Amino acid sequence: MGRAALAAAGEVTAERARAVHASLEVAGFHPSLHLNLADVHRRLGHDEEARRHLALAGDHAGALRDDGYGRMIRSGIARCAARLDGAS
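In the working numbering, the protein residues as written are 1 to 88.
Dropping the structure here:
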């Protein structure tokens, strides 16, 4: 399921996203997708895979705006990292 979501996000063009709503940016999808995958893997005890997706979420976080959504995703990345560090 996660791979399918990442593949689908990879196929969405900026024009297609803006056709849904003018403010949507494809690059902003990736931090959230990777954060969610990181959290699922963490919950399953797949710490290495969780850390990989968490790193990718962080790599893509620069695409997020400094707004409520961006702050929520950045905060989620930090919380997931803290939970992973607590599990080590």
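Cβ atoms here follow ideal geometry from the backbone N, Cα and C, with glycine treated the same way.
Source: prediction; values computed, not measured.
Inset, instruction - Output the boundary residues of the alpha helix (DSSP H) element that contains Leu64. - result: From DSSP, Leu64 is part of no alpha helix (DSSP H); its letter is neither H nor E.
Legend entry - Reduced DSSP category for His21 - H, G, I as helix; E, B as strand; rest coil: coil
Legend entry - Element boundaries [alpha helix (DSSP H), containing His34]: Phe29 to Leu44
Inset, instruction - Please report how far the alpha carbon of Cys80 lies from the alpha carbon of Ala38, in whole angstroms. - result: 8 Å
Inset, instruction - Return the Cβ separation of Leu54 and Leu33 in integer angstroms, given the expectation that the two are a contact with Cβ distance under 8 Å. - result: Going by Cβ atoms, the distance from Leu54 to Leu33 rounds to 12 Å, so no, they are not a contact pair.
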